[in-house]
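The UniProt record's numbering puts the last residue of the sequence shown at 473; the count rises by one with no breaks.
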Amino acid sequence: MTAKSVSKQPKYDYDAIVIGTGPGGEGAAMYLAKSGKTVAAIERYHAVGGGCTHWGTIPSKALRHSVSRLIEFNENPLFQVEEQMKGLTFSQILKHAAGVIRKQVRLRTGFYDRNLVKIYQGEARFVDAHHLEITNPDGSHYILSAETIVIATGSRPYRPAHVDFTHPRIYDSDTILSLEHDPRHIIIFGAGVIGCEYASIFRGLGVRVDLVNTRDRLLSFMDAEISDSLSYHFWNSGMTIRHGEEFSHIEGRDDGVILHLQSGKKMKADCFLFANGRTGNTDMLALANVGLEADGRGLLKVNGKYQTTIENIYAVGDVIGYPSLASAAYDQGRLAGEAIVKGNLDGHLIADIPAGIYTIPEMSSVGKTEQELTAAKIPYEVGRAQFKHLARAQIANTSAGSLKLLFHRDTLEILGIHCFGERAAEIVHIGQAIMMQKNGGNNLNYFVHTTFNYPTMAEAYRVAALNGLNRLF
Ligand SMILES: Cc1cc2nc3c(=O)[nH]c(=O)nc-3n(C[C@H](O)[C@H](O)[C@H](O)COP(=O)(O)OP(=O)(O)OC[C@H]3O[C@@H](n4cnc5c(N)ncnc54)[C@H](O)[C@@H]3O)c2cc1C
């Protein structure tokens with residue numbers, strides 16, 4: 001045999017290995033596979049999809065959907081026949097969520113299969129910069145190697161050491177999905193996005209909710225008017241909100257819990273959801289074997305190409321921190337894939353990441369808040385549309401809510417879009433598309449000069465634009 005005819009053995013098992021199959025891992029794996037790379041994905045859970053599909057975005061949105069339909073039904077006079085619809089229980093709405101998860105897993109498994117990305121079930125840890133040890137669910141292990149490794153291991157709820165999460169009445173946002181009894185009263189500690197979304201879900205089911213916030217207002221990164229609207233709706237629905245509190249300790253009893261706050265207050269309920277902070281999933285990766293170190297919250301640092309300080313190791317998604325959204329994680333995965341394939345990166349994550357918060361009512365925003373524009377001394381004006389004045393909202397009986405456009409009073413450039421009410425997370429994208437236009441295309445007049453379908457919620461843009469223009473002098 002001549003030297004020429006000996007086929008060259010690849011140096012590694014794969015061109016790339018992605019650890020984790022959430023949106024970050026999927027984005028990277030699909031980009032790399034479609035670019036002709038040989039790719040494997042390691043996933044410790046028994047199905048693909050990540051925390052996003054199994055414990056985070058998808059189940060919480062499916063639960064919220066069921067609850068908001070229940071509220072809509074109970075509030076619509078059309079359906080108030082002889083008997084009001086009986087309430088739903090948490091276990092009942094979990095069934096709908098489980099059905100959605102199944103469909104998502106089937107769909108996403110198909111992506112891996114079609115793109116010939118081999119999935120290995122097991123937990124990965126670094127042996128060195130190119131070798132991973134994979135531990136099977138039965139405890140056995142083996143080694144896989146790759147030229148490039150992408151860490152997309154996501155995050156998990158932060159658990160303070162002195163809270164007993166094995167107690168049957170004490171939950172975090174992962175374990176709440178295995179809630180077996182139907183509580184009449186819940187305390188939620190932490191009023192960030194996850195805390196507020198679960199507060200809406202439980203209140204919608206008729207559960208008494210005490211929401212404890214460590215800050216002085218709900219979701220302080222949102223435009224103040226929008227977060228105040230949420231506070232009002234929570235208060236109006238009978239929820240108790242306590243701001244500016246610090247956790248002291250929790251007593252678990254057979255029939256419930258007693259929460260002690262540092263302010264000296266005590267609160268009693270059937271169960272407790274701790275939803276205050278998240279930790280990056282890096283502790284099982286044996287990062288020291290490659291000379292990487294996570295920060296105190298388990299997060300990794302990356303450069304603009306999603307590359308860690310080790311040249312062939314990349315990281316995307318929740319494990320690198322802000323914005324910790326499924327939407328961004330997927331884009332980061334694709335961008336990391338592009339950087340690996342091309343060696344550089346033409347694209348980047350958009351600067352104005354939209355926020356969609358699936359409380360009841362829903363909230364969404366993109367761009368600057370009034371507070372940010374005021375602090376930056378930008379002369380802006382406001383255009384508003386109240387949903388109650390829109391035919392479509394009246395027809396759908398979803399008249400609580402509004403759209404607020406912030407625009408530069410000289411250039412009419414749209415600077416921020418803030419929406420509160422049913423379908424806010426969808427509505428905001430109409431304005432986002434205009435706001436992202438370059439070369440003068442981002443102009444409030446677009447909404448005045450276009451023709452909208454009628455009746456639609458999109459019409460709120462025309463109403464808000466005219467309202468804003470009328471304020472100019
Ligand atoms: C309750 C809740 C609601 C949310 N709602 C929204 C929302 O409405 N919109 C939104 O955009 N975002 C939302 N998020 C955030 C979103 O879920 C995350 O930003 C997203 O899942 C991050 O994607 P990821 O790929 O980084 O990680 P993940 O989706 O967490 O996936 C990481 C995967 O890595 C696996 N893994 C970890 N370590 C290892 C290892 N050593 N070996 C092998 N596998 C490993 C895990 O099992 C997991 O499957 C929500 C989160 C929560 C908790």
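From the three backbone atoms N, C-alpha and C, an ideal C-beta is built for every residue, glycine too.
Exercise. Starting from the C-beta of I17, find all residues in its chain whose C-beta is less than 7 Å away, skip the five residues before and the five after it, and write them out in chain order.
Key: Position 17 of the sequence shown, counted from the first residue, corresponds to residue 17. Excluding sequence neighbours, I17 sits near A40, I42, L132, L144, A146, I149.
Quiz item: Any idea if A294 is buried or exposed, counting beta-carbon neighbours within 10 angstroms, 16 or more meaning buried?
Solution: Sequence index remark: in the sequence shown, residue 294 carries index 294 (1-based). Its Cβ being crowded by 16 or more others within 10 Å, A294 is buried.
Quiz item: Would the beta-carbon of G337 fall within 8 Å of that of L32?
Solution: The residue labelled residue 337 in the question sits at position 337 within the sequence shown. The residue labelled residue 32 in the question sits at position 32 within the sequence shown. A contact, by the Cβ cut-off of 8 Å.
Quiz item: When the Cβ atoms of the segment 147–167 are set against those of the segment 248–260, are three or more pairs found closer than 8 Å?
Solution: With a cut-off of 8 Å, the segment 248–260 and the segment 147–167 count as touching, because enough Cβ pairs lie within range.
Practice problem: Name, in chain order, the residues that DSSP records as bridge partners for P157. | Solution: Position 157 of the sequence shown, counted from the start, is the residue given in the question as residue 157. In the DSSP assignment, P157 forms a beta bridge with R278.
Practice problem: Leaving out five residues on either side along the sequence, give the residues of the same chain with a beta carbon under 6 Å from the beta carbon of F202. | Solution: The count along the sequence shown starts at 1 and reaches residue 202 at position 202. Once the five neighbours on either side are set aside, the close Cβ partners of F202 are I186, V209.
Quiz item: Smallest Cα separation from G195: which of R409, P168, S60?
Solution: Reading the sequence shown from its first residue, position 195 is the one you call residue 195. The residue from R409, P168, S60 with its alpha-carbon nearest to that of G195 is S60.
Quiz item: Do T21 and ligand 1 come close, with the Cβ less than 7 Å from some heavy atom?
Solution: Locating residue 21 in the sequence shown gives position 21, counting from the first residue. Yes.
Self-check item: Every unbroken beta strand (DSSP E) inside the segment 170–222 [3 residues or more]
Solution: As for any beta strand (DSSP E) of minimum length 3 sitting wholly inside the segment 170–222, the runs are 185–189, 208–212, ordered along the chain.
Self-check item: Unbroken alpha helix (DSSP H) run spanning F111, endpoints
Solution: For the purposes of this step, residue 111 is taken as residue 111 along the sequence shown, with counting starting at 1. That run of the alpha helix (DSSP H) goes 90–114.
Quiz item: Heavy atom of ligand 3 less than 7 Å from the Cβ of I42, yes or no?
Solution: This structure simply doesn't include ligand 3; it includes ligand 1 instead.
Quiz prompt | Three-state secondary structure (DSSP) of K404 | solution = Here residue 404 refers to the residue found at position 404 of the sequence shown. Correct three-state label for K404: strand.
Self-check item: DSSP-derived helix/strand/coil call for S327
Solution: Taking the first residue of the sequence shown as position 1, residue 327 is located at position 327. Looking at S327 - three-state DSSP - the assignment turns out to be helix.
Quiz prompt | Any alpha helix (DSSP H) of 4 or more consecutive residues that is wholly inside the segment 301–371 | solution = Complete alpha helix (DSSP H) runs here, min 4: 326–342.
Exercise. Specify whether the segment 394–414 and the segment 322–330 touch according to this definition: at least 3 beta carbon pairs, one from each stretch, less than 8 Å apart.
Key: By the Cβ test, the segment 394–414 is not in contact with the segment 322–330, since fewer than three Cβ pairs between them sit closer than 8 Å.
Practice problem: Check the DSSP bridge columns for Y120 and list the partner residues they point to. | Solution: What you label residue 120 is simply residue 120 of the sequence shown in a count that begins at 1. The partner list for Y120 (beta bridge, DSSP) reads I42.
Exercise. Closer than 8 Å by C-beta to L177: which residues in its own chain qualify, once you throw out the five before and the five after it? Chain order, please.
Key: Here residue 177 refers to the residue found at position 177 of the sequence shown. Once the five neighbours on either side are set aside, the close Cβ partners of L177 are W55, P59, L94, A97.
Practice problem: May I ask you to report which of helix, strand or coil DSSP gives D228? | Solution: Along the sequence shown, read from residue 1 onward, the residue named residue 228 stands at position 228. Note: D228 maps to helix in three-state DSSP.
Quiz item: Going by Cα to Cα distance, which pick from I226, I71, N289 is closest to V366?
Solution: Taking the sequence shown and counting its residues from 1, the one referred to as residue 366 is at position 366. Comparing Cα-Cα distances from V366 to each of I226, I71, N289, the minimum goes to I226.
Practice problem: Report whether the distance from the Cβ of W55 to the nearest heavy atom of ligand 1 is below 7 Å. | Solution: The residue given as residue 55 occupies position 55 in the sequence shown. W55 Cβ: within cutoff of ligand 1.
Quiz prompt | Distance, G244 Cα to T359 Cα | solution = Position 359 of the sequence shown, counted from the first residue, corresponds to residue 359. Position 244 of the sequence shown, counted from the first residue, corresponds to residue 244. Looking at the two C-alpha atoms, the distance is approximately 21 Å.
Quiz item: Are D270 and R184 closer than 8 Å when you measure CB to CB?
Solution: Within the sequence shown, residue 270 is the residue found at index 270, counting from 1. Within the sequence shown, residue 184 is the residue found at index 184, counting from 1. Going by C-beta atoms, D270 is nearer than 8 Å to R184.
Quiz item: According to the neighbour-count rule (16 or more other Cβ atoms, all chains shown, within 10 Å of its Cβ), is R462 buried or exposed?
Solution: Here residue 462 refers to the residue found at position 462 of the sequence shown. Classified as buried, R462 has 16 or more neighbouring CB atoms from the shown chains inside 10 Å of its CB.
Quiz item: First and last residue of the alpha helix (DSSP H) that includes A16?
Solution: For the purposes of this step, residue 16 is taken as residue 16 along the sequence shown, with counting starting at 1. For A16, there is no enclosing alpha helix (DSSP H); the residue is found in the beta strand (DSSP E) stretching over 14–19.
Exercise. Leaving out five residues on either side along the sequence, give the residues of the same chain with a beta carbon under 7 Å from the beta carbon of D352.
Key: The residue you call residue 352 lines up with position 352 of the sequence shown. Contacts found: V366, G367.
Practice problem: Give me whichever residues DSSP pairs with F79 in a beta bridge. | Solution: Translated into positions along the sequence shown, residue 79 becomes position 79. Bridge partners of F79: none, in fact.
Quiz item: Got a sec? Which residues, its chain only, sit under 6 Å from A393 by beta carbon, not counting five neighbours each side?
Solution: Looking up residue 393 in the sequence shown gives position 393. Answer for A393: F387, S399, listed in chain order.
Self-check item: Closest by C-alpha distance to D138, when choosing among I417, G50, H46
Solution: Along the sequence shown, one-based indexing puts residue 138 at 138. The shortest CA-to-CA distance from D138 to any of I417, G50, H46 is the one to H46.
Quiz item: Do the segment 211–221 and the segment 301–320 meet, that is, are 3 or more Cβ pairs less than 8 Å apart?
Solution: No: fewer than three Cβ pairs fall under 8 Å.
Self-check item: Contact set for A199: own chain, Cβ-Cβ below 8 Å, skip 5 residues either direction
Solution: By 1-based counting over the sequence shown, the position of residue 199 is 199. So the qualifying residues of the chain are I188, A191, V209, L211, F234, M239, T359.
Quiz item: S173 and A275: beta carbons closer than 8 Å?
Solution: In the sequence shown, residue 173 corresponds to position 173, counting from 1. In the sequence shown, residue 275 corresponds to position 275, counting from 1. A contact, by the Cβ cut-off of 8 Å.
Quiz item: Helix, strand or coil: how does DSSP classify G383 here?
Solution: Within the sequence shown, the letter at position 383 stands for residue 383. Taken through DSSP and simplified to helix, strand or coil, G383 comes out as strand.
Quiz prompt | Distance cut-off 7 Å: T175 Cβ against heavy atoms of ligand 1 | solution = By one-based count along the sequence shown, residue 175 stands at place 175. Of the heavy atoms belonging to ligand 1, none sits nearer than 7 Å to the Cβ of T175.
Quiz prompt | Cβ neighbours of I395 in the same chain (closer than 7 Å, five flanking residues each side left out) | solution = Here residue 395 is taken as the residue at index 395 of the sequence shown, counted from 1. Contacts found: P455.
Quiz item: Any idea what DSSP makes of I378, helix, strand or coil?
Solution: Translated into positions along the sequence shown, residue 378 becomes position 378. Looking at I378 - three-state DSSP - the assignment turns out to be coil, as it is neither helix nor strand.
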